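Below is one structure; the comments refer to it alone.
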Amino acid sequence: MRKLYYFFFIVVLHLNFCNTFGQVGIGTTNPSGSSILDITSPDKGLLIPRVGLLSVTDTATITAPALSLLVYNNGFAPNGFYYWNGTVWVPINSGVSSDWSLTGNNGTTPGTNFLGTINAVDIRIKTNNIDRWNISNANLGQLQSYSLGTTALPTYSFQTDQNTGMYSSGSDALDFTTGGTSRFRIPNANQVHALSRGTDDLPFYSFSADPNTGMYSSNPNILDFSTQGDSRFRITNTQVLAMNRGSENEPFYSFQQDINTNTGMFSSGENTLDFATWGESRLRIPDEYQILAMDRGTNNDPFYSFNADTNTGIFSSGNDALDFSTNGNARLRIPNANQIHALNLGTANAPFYSFGADTNTGIFSAGGDILNIATAGTEKVRVEADGDVGIGVTPNASAKMDITATDKGLLIPRVALTARNAAGPITAPATSLLVYNTATSGVAPNNVVPGFYYWNATSWTPFITVNSNDWTITGNAGTGAANFIGTTDAVALKLSTASTERIRVLANGQVVINNIAAPAATDRFSVYNTTTSDYAINGYSTSNGVGVFGSNTGNGLAVFGQNTGTGAGVYGTSTSATSAGVFGVGNVANGVGTYGTSNGLNGRGVFGNSSGGNGIGVLGQSSGVSGTGVFGEANQANRYGVWGLNNNATGIGVYGSSTGNNSNGVSGETTGTSGNGVLGTASGATAIGVRGINNNATGVGMSGSSTGATGIGVIGNSTGNTAAGVVGLASGTASDGVYGEGSGASGSGVFGTNTNTSGTGVFGSGNNGTALYLTNGSGGAFTGTNYGSVSFGTNTASGIGIAGAGNNVAISTLANGAGGAFTGLQWAITGISTITDVANDATDRAVLTGNYTSGGSTLDNVYVGARVGGVNYKILGTGGGSVSTTMKTSQGERIMFAPEATENWFFDMGEVQLVNGKATVQLDPLFTETISDSKPFKVFVQGAENTLGSIKITRNQTEKSFLLEDLGGNSNGIVQFSIYAIWKGKEDIRMPELKEKSILKPTEIETQVVTKNNFENQKQVLNKQSKEYQTNNNSMQKNIEPLKEFEIKKTEFQE
């Protein structure tokens, strides 16, 4: 009987004090000594928790995230791994604290949240910086005290009773004390020592409700049992003695309810003690350290059970098997092995191994070769047959460990590294060991900063994040004045392509291209050609810009050319129609645009050559007082100060223009015996050797007048192929090249007609541009830089600026007038914007524009077919205008408005019926082709008929689907949903700035009253632009080029 008590005592102590901590190896039996968790798998990875974050500052989805908390974000874009740096979620290229608080934590989950380590390191507990407790990793999770304690101050005690508890009186001894006095001791033996023998009235083992009944020792080697303060039995070192002999009617060992029956203790033989009921032997104590049950028992009648619960207890189902049953059902079995078998796999809500105070928390098995851990009736951890581990989820087939959570992440061990090339503080780290460094330490290039690092076998390698200090190959945003590309020491910066150095910036700031050093200390920028055909420096300009520009405000040279061989110091050539080989401008008083001097034999100070149709060999222009466009000087006999040569039919050898007072278009001077200051030669059929033009402010190139009914002011006739009947040229501020006036009823001031079937009646070209026309002919063709043609209707009641009709139909107009009235069978008006230059993506354009003004102020603008800031718009309204339509109702026609948004949103809607509380909705495949892949779509739902509670949404951005769940129960109700998604390709457009400077607005037309009182006032100024120079020769020529692509094909508009 003593051994049975001892057995149960040891089991109870083991269950109450034993915990297990150790290194964990998944997929390996030999985890690295440097890692608390070593996951090894040749074909599986580690699934970090996937959380739908809302933004980089989101602290609602995960409550109080910890520094370095790691998650996989599948919420806002871009998706990927993020960790919390204490302020924001930082993405990792390839998260909100979970620390235990000094004031306590809430929202924790048993089994998921714990205080401890995840590597093979003990937990140390201190007070006043003195070791007090240690939870050992190496000794099966022992809780170790650094003090043995005393009788008055036991190691394990209570806050309200500090001299009552457990301590150790010496090596291998456990003592129990109350009131500062030792009561029991467990020595280094299978014993429990009472530290007082006790008496029959106060036995050392007794009961709180009956203190004079129990066990005591009256002398050494004697154990006594007393009740009511009287000794009843005594066990000596050889016997169990009844302290009263009894009689046959009252056996010394019997039962109160069965005094005279055959139930009690007897001996079936020498050294044998038997226990019988109803004349049958039930238990036997032989001459061994055993208690024998005389029958194995069954699960419904276990041999060891309880009077009040006879089908609960211990039995044996067969040889070498010990079974435990409750309520007649076998629960546990100890076979002939070092095992304990649960006879039922259990469930998450009723695990086979749990706790009396927490029955739905424990261990169970969901199936063969699967081990599960549950808390609060829900499975939390699963270990499958192949060692795959799932926390919060069944592990994915590709993962050795799969951790799933919606409001928590994975905390990687945080250590304080000292340098990238130093393993410490970790000893012999394994390759790929992952840590989160908390320190800023070390010297570059081996310095470390807080963030994730892994051991690459020789050094710690940092994870690169979006917020790193690196320059990326796709560009950086958010840079400031402190950011730069270069070096911080006296070392040159090298730039290479194809592994070959191209540019070097020396430590002193000199820049060298295609070499490693500058030729001279005074050179700041040096360029070398690498082959004989290379040009070291070229300057190109395709617009009104400057290919190469030099400026000097001192006594130096802006551009200096020198040739010591047979080449040219500065050489200019022109091959296009209106270009200049060398162009000089002198815009200050007495300034010189281009100055050349020659003192050598056959030398030329400035030489220009043009082979283009309207090219100019040398062009000079001066707008300063007394300035000179081109100045040439010759000091030798038979030399030329300026020499112009033209061999083209319509070219000009030398052309000079002057608009300044007292200035000269061309000035020539010679001091030689037979030289020429200016020489003009023309050999072409219509060429001009020297031409002078009157540029007086009010000059007239040609004037004609007619007062007859059908008279003509000016008429010119020409039969030449390229000649002109009448040419008028005026460059004065308010002058007219050709002016015509007609006062007859059917006369015309200027009348143009063309009798050819594809001819054009009137050409008009403004802004010094080239006239364009239709190859099929027209009544008039007008060309301008900003406005090709302008028309005004001045009648305030019914005036129409311009009226047009197509398809041979009559013109329809509004009685109240309009800026324009257009009529057609199918299209009344069409517009096409065809800009194709290299700046197209950044150019603002619109096919059609319109606005509404009141009191001289523009209230609303609208653009049709607009392009603003590189973005295309079908219709763009400004100034607060609304997109709207009208619908007829019983209360009259009413206006309805369209919603506006800050981004380009598409939306879809629908409804779905739940099945057992769930439904998966797949987005329309055609709809998914139009929406963004990088920005998550949005889902908004509401329960309709027969739903039971709130509706949970789980989006799958990759599959373009979402799962709906009725949190109120397994309903079959209807859920209505709306889906919003960003237009594919327009993810980065959000409330772009409107830049209208390049879009033609009607208010830019300056309206002036046209009168006929005098010659000078007959002018409409249409936003004229000035140019730096103009070649009047161009104005003499029609230079009309056909617009071959002007015709609009109907097929372009068919849907």
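Using the working numbering, you'd call the opening residue of the sequence shown number 144 and step up by one each time.
Backbone N, C-alpha and C define an ideal beta-carbon position, used for all residues, glycine too.
All values reported here derive from a predicted model rather than from experimental measurement.
Taking one beta carbon from each stretch, the region 1121 to 1130 and the region 1072 to 1087 have 3 or more pairs nearer than 8 Å; the two touch.
Valine 586 counts as exposed, since fewer than 16 other C-beta atoms from the protein chains shown sit within 10 angstroms of its C-beta. Taking all protein chains shown into account, isoleucine 1038 has fewer than 16 neighbouring C-beta atoms within 10 Å of its C-beta and is therefore exposed. When DSSP states are grouped into helix, strand and coil, phenylalanine 1070 belongs to the helix group. Between the beta-carbon of alanine 209 and that of leucine 553 there is about 10 Å, and that puts the pair past the 8 Å contact cut. Three or more beta-carbon pairs drawn from the region 586 to 606 and the region 560 to 577 are found closer than 8 Å, and the two stretches are therefore classed as touching. Between the region 568 to 576 and the region 529 to 549, the count of C-beta pairs closer than 8 Å stays below three; the two stretches do not touch. Straight-line measurement puts the Cα of valine 558 at about 15 Å from the Cα of serine 602. Counting along the chain, serine 1027 sits inside the beta strand (DSSP E) bounded by residues 1027 to 1032.
Closest in alpha carbon position to leucine 1110, among Ile1117, Val1084, Gly1060, is Gly1060.
About 3 Å separates the Cβ atoms of tyrosine 359 and glycine 341, confirming a contact at the 8 Å cut-off.
Valine 654 and aspartate 677 have their alpha carbons spaced roughly 19 Å apart.
Going by beta carbons, alanine 1044 and valine 1026 fall outside the 7 Å limit. Comparing alpha-carbon positions, the option among Thr200, Tyr310, Asn331 lying closest to threonine 321 turns out to be Tyr310. For glutamate 644, the enclosing beta strand (DSSP E) begins and ends at 643 to 648. When the five nearest sequence neighbours on each side are left out, the beta carbons in the same chain lying within less than 8 Å of the beta carbon of isoleucine 365 are those of Arg377, Ile378, Thr379, Asn380, in order along the chain.
The beta carbon of alanine 316 sits closer than 8 Å to those of Arg328, Ile329, Pro330, Asn331, all from its chain and outside the five residues before and after it, given in chain order. When secondary structure is reduced to three states using DSSP, threonine 356 falls in the strand class. Per DSSP, alanine 961 is one residue of the beta strand (DSSP E) stretching across 961 to 966. DSSP places threonine 973 in the coil class of the three-state scheme, outside both helix and strand.
Scanning its chain for C-beta atoms nearer than 6 Å, with the 5 sequence neighbours on each side dropped, one finds around lysine 637 the residues Glu644, Arg647, in chain order.
In this structure isoleucine 169 is in contact with methionine 544, their Cβ atoms being roughly 6 Å apart against a cut-off of 8 Å. The continuous stretches of beta strand (DSSP E) do not include tyrosine 432, and DSSP gives it neither H nor E. Rounded to the nearest whole angstrom, the C-alpha separation of alanine 600 and serine 177 is 13 Å.
In the assembly as shown, glutamine 482 is an exposed residue. Its beta-carbon has fewer than 16 other beta-carbons within 10 Å. Contact between aspartate 344 and asparagine 355 is confirmed by a C-beta separation of about 5 Å, below the 8 Å threshold. The continuous beta strand (DSSP E) containing valine 905 extends over residues 903 to 908. For glycine 623 and tryptophan 614, the gap between their C-alpha atoms comes out near 13 Å. In this structure, valine 524 lies near isoleucine 516, with their beta-carbon atoms less than 7 Å apart. Taking a cut-off of 8 Å on C-beta distances, the region 469 to 476 touches the region 436 to 444, as three or more cross pairs fall below it.
Counting every other CB atom within 10 Å of its CB across the protein chains shown gives tryptophan 243 a total below 16, marking it as exposed.
DSSP lists Thr903 as the bridge partner or partners of serine 921. Restricting attention to Leu283, Ser901, Glu1130, the CA atom closest to the CA of valine 1014 is found in Glu1130.
Contact between the region 895 to 907 and the region 923 to 938 is present, with at least three C-beta pairs closer than 8 Å. Checking the DSSP bridge columns, you'll see serine 288 partnered with Trp276.
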